[in-house]
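Chemist: Pasting a structure here, questions to come.
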Amino acid sequence: MKNLFFAIVIIFGFLSPISSTAQKKALRIDSSMVPADFKEYKDTLLVVDEKLLIGYSKYLRKNFEEHYSGPYKIISRKEYLSFQGGDHRFVFTGVYNYEFAGTESKKVIKYILMDNKTGKHYQTNETKYYSELMINYIKELNAQLKS
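Residue numbering for the sequence shown follows our numbering, starting at 1 and increasing by one per position.
Structure below.
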């Protein structure tokens, strides 16, 4: 019985850093997640509030207020679906998925920046740490505006 206990402790001891490393990697933003010409974009960024989780809207507003210096407009999904184009080239939104491991599941979120001019989508990795990923992505978009 002691051997089984130690085997379990050792296995989880090895898996924990791997999981932590994978999560840190998921939170990174690289250049492929932001269009090269975003730095020249001076118009309003359209931000779709998907209300993905309880408290999501609060963090979306807070994170954009604190970390994005360009003009933006937050609208609901319903407003976006009835939206008829306009001058908004770039649209920021979040989508969620369920990740399954055996009998357990967890909600993971990724963010997408849609370019309405080219039709391309730029997206982050998926993670359960949605606010931290959102902040990192918003900061990278903001850094591009200032470069």
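Beta carbons: idealized from backbone N, C-alpha and C, even for Gly.
So, with DSSP's three-state summary, where would you put residue 112?
Modeler: Residue 112 falls in the strand class under three-state DSSP.
Chemist: Which residue wins for smallest C-alpha separation from residue 46, given the options 143, 138 and 133?
Modeler: Measuring from the Cα of residue 46, the nearest candidate turns out to be 138.
Chemist: Within its chain, find whatever has a CB closer than 8 Å to the CB of residue 38; leave out the 5 residues flanking it on each side and keep chain order.
Modeler: For residue 38, where only same-chain residues beyond five positions count, the Cβ hits under 8 Å are 90, 113, 141, 144 and 145.
Chemist: Exposed or buried, which one is residue 124 when buried takes at least 16 other CB atoms within 10 Å?
Modeler: With 16 or more Cβ atoms within 10 Å of its Cβ, residue 124 is classed as buried.
Chemist: Which parts of the region 66–104 are runs of the alpha helix (DSSP H), unbroken and 4 residues or longer, counting only runs that do not cross its ends?
Modeler: Here the runs fully enclosed are 77–82.
Chemist: Return the Cβ separation of residue 129 and residue 27 in integer angstroms, given the expectation that the two are a contact with Cβ distance under 8 Å.
Modeler: Their Cβ separation, rounded to whole angstroms, is 6 Å, which keeps residue 129 and residue 27 in contact under 8 Å.
Chemist: Mind checking which residues open and close the alpha helix (DSSP H) that includes residue 129?
Modeler: Where residue 129 is concerned, there is no enclosing alpha helix (DSSP H), given that its DSSP letter is neither H nor E.
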